[in-house]
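**Q** What follows is a structure written as structure tokens; I'll ask about it next.
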């Protein structure tokens, strides 16, 4: 599986309390057609308890796919869940991959440039919604 962020990538801030429920995501594009099969996020603190669900959206906010709940019994670090059904990704189109965070304790890289290009996937911008499981259109 190709991921936007390498396994060795870690956020600068491992735990930040944003208060409330949010949906955090990354706007991305691929340089080739393919399939999205899962969602990952970085869990840097045991305070980030979930439940968390992953989502893939088109650029207009149509939900294309989602995961079941992430298994947070895994150690801290990258958490991964498979999409219920793979999502078809077209080359040179924008998509958003996101995850919902209740009682928002997140890991993040504050005020750092977004620089992630791996295996034809390029992160374009961070985005969020102040509603868990809502389309993250704010950026």
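Numbering (the working numbering), first residue to last: 55 to 193. The C-beta atom is built at its ideal place from N, Cα and C for all residues, glycine as well. The model shown is predicted, which means the values in this text are computed figures rather than measured ones.
How about residue 85 and residue 123: do their beta carbons lie closer than 7 Å?
**A** It is not a contact, given that the beta carbons lie outside the stated cut-off.
**Q** Using the C-alpha atoms, what's the distance from residue 111 back to residue 148?
**A** One C-alpha to the other measures close to 9 Å.
**Q** What separation, rounded to the nearest whole angstrom, lies between the Cα atoms of residue 71 and residue 155?
**A** One C-alpha to the other measures close to 11 Å.
**Q** Report the start-end ranges of each beta strand (DSSP E) in the region 67-95 that is 3 residues or longer and not cut off at the edges.
**A** Qualifying beta strand (DSSP E) stretches, in chain order: 67-71, 76-84.
**Q** Could you check where the beta strand (DSSP E) with residue 145 kicks off and where it finishes?
**A** Note, residue 145: premise wrong, no beta strand (DSSP E); not H, not E.
**Q** Could you pull out every residue in the same chain whose Cβ sits closer than 7 Å to the Cβ of residue 68, ignoring the five residues on either side in sequence?
**A** The residues are 98, 99, 161.
**Q** Among 108, 128, 119, 136, which residue has its Cα nearest to the Cα of residue 142?
**A** The option with the nearest alpha carbon to residue 142 is 119.
**Q** Measuring straight from C-alpha to C-alpha, what distance separates residue 104 and residue 121?
**A** Each residue's Cα considered, the two are about 14 Å apart.
**Q** Which whole-angstrom value describes the C-beta separation of residue 80 and residue 137, a residue pair presumed to lie in contact below a C-beta threshold of 8 Å?
**A** With 8 Å as the limit, residue 80 and residue 137 do not qualify as a contact, their Cβ atoms being about 16 Å apart.
**Q** Is the CB-CB distance between residue 153 and residue 106 below 7 Å?
**A** Going by C-beta atoms, residue 153 is nearer than 7 Å to residue 106.
**Q** Between the alpha carbons of residue 126 and residue 133, how many angstroms are there, rounded?
**A** Residue 126 and residue 133: Cα-Cα distance of roughly 8 Å.
**Q** So for residue 62, helix, strand or coil by DSSP?
**A** Three-state DSSP puts residue 62 in coil, outside helix and strand.
**Q** Going straight from the alpha carbon of residue 187 to that of residue 109, what length do you get?
**A** C-alpha separation (whole angstroms): 8 Å.
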